[in-house]
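Engineer: Residue numbers (my numbering): 351 to 734.
No residue lacks a Cβ here, since even glycine has one placed at the ideal position from N, Cα and C.
The structure's right below; bear with me while I get my questions together.
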Amino acid sequence: MVSKRLKGVPASGTVSISNLVSHLKAQGADIVSFSMGEPDFVTPDNIIEACKDSLDAGFTHYTPSAGTPELRKAVAAKAFSDNKIHCTAQNVLITPCKHAIFMTALAYLDPGDEVILPDPSWVSYEACIRLAGAKPRYIPTKFDEGFVIDPELIAKAITPKTKMILLNSPSNPTGGIMPYKVIREIAKIAVENDLMVLSDEIYESIIYAGKHFSIAAMPDMFDRTITISGLSKTYAMTGWRIGWAIASENNIKEINKLQTHSISCCVSFTQPAAVEAITGPQTEKEAMVREFKKRRNLAVDLIRDIKGLDVNVPKGAFYLFPKYDSKVKSDVLCTKMLEDAHVAVTPGSAFGPSGEGFFRISYATSEDQIQEGLSRIKQFMLNL
Ligand code: GLU
């Protein structure tokens with residue numbers, strides 16, 4: 351009875367493993383989880399207080415479907431100052447990030463269309479593309495090149511069916527960031543070939559070296575780009591489900607049509623809290639990034655000490671994507687790692703064909719857990 355659309359689209363690899371970990375932990379298993387990309391920090395107090403205030407004030411009903419005017423304005427101001435994207439509140443749609451990606455796919459892709467995206471890429475891009483009836487066209491990226499996509503390969507992959515280029519920098523699962531030059535070249539290719547760009551910038555604030563650049567800020571790019579970001583990772587707000595899409599007024603109107611027919615609007619009482627997150631003190635956000643960097647360095651050192659593993663030092667996000675020296679398929683390896691070593695990681699193959707031979711570690715967890723988990727992985731690799 352399941353639709354043809356859904357048949358063959360697997361459940362999210364990241365969310366499934368996290369569900370399994372919760373189930374095993376509830377049964378008392380001692381699991382170290384490097385599976386979910388979710389900061390272990392508590393959302394900063396000022397944001398929680400703003401949410402409580404909005405609940406106390408009875409701000410518990412629908413908001414306009416595109417979001418409160420205050421939040422749309424705050425996001426536009428942030429996009430201008432941080433991302434150099436010239437926009438106003440009318441260019442902002444408040445919505446959970448993942449929903450923004452899903453709606454963008456439904457709004458712009460038709461059956462037969464092709465979407466160019468880096469390989470490996472986050473698990474839900476391919477699913478959203480396929481659910482819209484379109485096809486992913488993966489561009490392999492290389493470990494030795496920090497998994498940065500090569501614009502020449504993008505240009506070569508374009509066919510008359512290509513509709514969109516999907517970018518994600520800093521990248522989930524590799525932590526790689528795209529340098530200015532690469533983004534500039536991709537922008538030129540998009541303009542020359544009249545393509546749309548979906549740019550997922552959810553890790554934009556978690557950068558340890560280099561700088562974040564938004565492709566929507568490049569010449570002639572604003573009208574063809576949907577920029578997606580949000581609060582989940584930057585302010586440890588994964589459970590709040592709040593983010594945004596930035597695009598031309600027309601594109602926002604089209605995507606908002608889908609919002610009116612799906613969730614109506616984002617949760618009301620989180621929106622004043624989101625304004626506080628964006629406009630309030632940023633000290634805790636900065637402290638979290640410093641902490642992630644310490645954890646990254648610790649995890650890289652420990653992984654480099656494990657025989658059979660190699661890893662590069664990513665410049666952003668909170669993921670490591672080690673490659674392992676064995677012919678075992680990554681999903682088999684990860685299942686065995688969970689069963690034998692009680693450590694949960696995500697198989698590289700969940701992120702696309704080039705992810706085979708790798709697994710993803712989310713190091714958004716305590717140093718103690720990183721030490722313990724990697725010491726278990728060390729033993730596991732010895733026994734492999
Ligand atoms: N984006 C995070 C991850 O990759 C959260 C789970 C998900 O949405 O896939 O782990």
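State the DSSP-derived secondary structure class of K511, mapped to helix, strand or coil.
Structural biologist: DSSP, read as helix, strand or coil, puts K511 in coil.
Engineer: Taking 7 Å as the line, does the beta carbon of M386 fall inside it for any heavy atom of the ligand GLU?
Structural biologist: Under cutoff, so the answer is yes.
Engineer: Using only the alpha-carbon positions, how far apart do K492 and N518 sit?
Structural biologist: Cα-Cα distance, rounded: 15 Å.
Engineer: Would you call N433 buried or exposed, if buried means 16 or more other Cβ atoms sit within 10 Å of its Cβ?
Structural biologist: Around the C-beta of N433, 16 or more other C-beta atoms lie within 10 Å, and the residue is accordingly described as buried.
Engineer: Assuming contact is defined by CB atoms lying nearer than 8 Å, are L459 and A482 in contact in what I supplied?
Structural biologist: Yes. Within cutoff.
Engineer: Secondary structure at M731, three-state DSSP: helix, strand or coil?
Structural biologist: Helix.
Engineer: Go ahead and pull the three-state DSSP assignment for A566.
Structural biologist: helix
Engineer: Could you pull the start and end residues of the alpha helix (DSSP H) that S680 belongs to?
Structural biologist: 680 to 686
Engineer: With 8 Å set as the bound, which would you pick, yes or no: does the beta-carbon of T577 sit closer than that to a beta-carbon of chain B?
Structural biologist: No chain B appears in this structure, which consists of one protein chain only.
Engineer: Would you mind stating whether A700 and V371 have Cβ atoms separated by less than 8 Å?
Structural biologist: no
Engineer: When the distance is taken between beta carbons, is E420 closer than 8 Å to V639?
Structural biologist: Cβ atoms of V639 and E420: not closer than 8 Å.
Engineer: Taking the C-alpha atoms as reference points, what is the distance between M731 and G408?
Structural biologist: 54 Å
Engineer: Can the beta-carbon of A691 be found closer than 8 Å to that of I727?
Structural biologist: yes
Engineer: Which partner residues does N518 have in the DSSP bridge list?
Structural biologist: D550
Engineer: Give me the Cβ distance between T524 and F384, rounded to the nearest whole Å; I'm assuming they're in contact under 8 Å.
Structural biologist: The pair is not a contact, with the Cβ atoms about 15 Å apart (cut-off 8 Å).
Engineer: Below 8 Å on the Cβ atoms is my guess for T577 versus I602; work out the distance and round it to an integer in Å.
Structural biologist: Here T577 is actually not in contact with I602; their C-beta atoms are around 11 Å apart, not less than 8 Å.
Engineer: Does the Cβ of I364 lie closer than 7 Å to at least one heavy atom of the ligand GLU?
Structural biologist: Checking the sequence, you will find Thr at residue 364 rather than Ile. At a cut-off of 7 Å, the beta-carbon of T364 counts as near the ligand GLU: some heavy atom of the ligand is closer than that.
Engineer: Mind pulling the alpha helix (DSSP H) runs of 4 or more residues that sit fully within the stretch 645 to 728?
Structural biologist: 680 to 686
Engineer: Does at least one heavy atom of the ligand GLU sit under 7 Å from the Cβ of N522?
Structural biologist: yes
Engineer: To test your reading of the DSSP string, which unbroken beta strand (DSSP E) runs of 3 or more residues are found completely within the stretch 550 to 636?
Structural biologist: With a minimum length of 3 residues, the continuous beta strand (DSSP E) runs that stay inside the stretch 550 to 636 are 575 to 580, 593 to 596.
Engineer: Which residues in the same chain as V617 place their Cβ atom closer than 8 Å to its Cβ, once the five residues preceding and following it in sequence are excluded?
Structural biologist: W590, R591, I592
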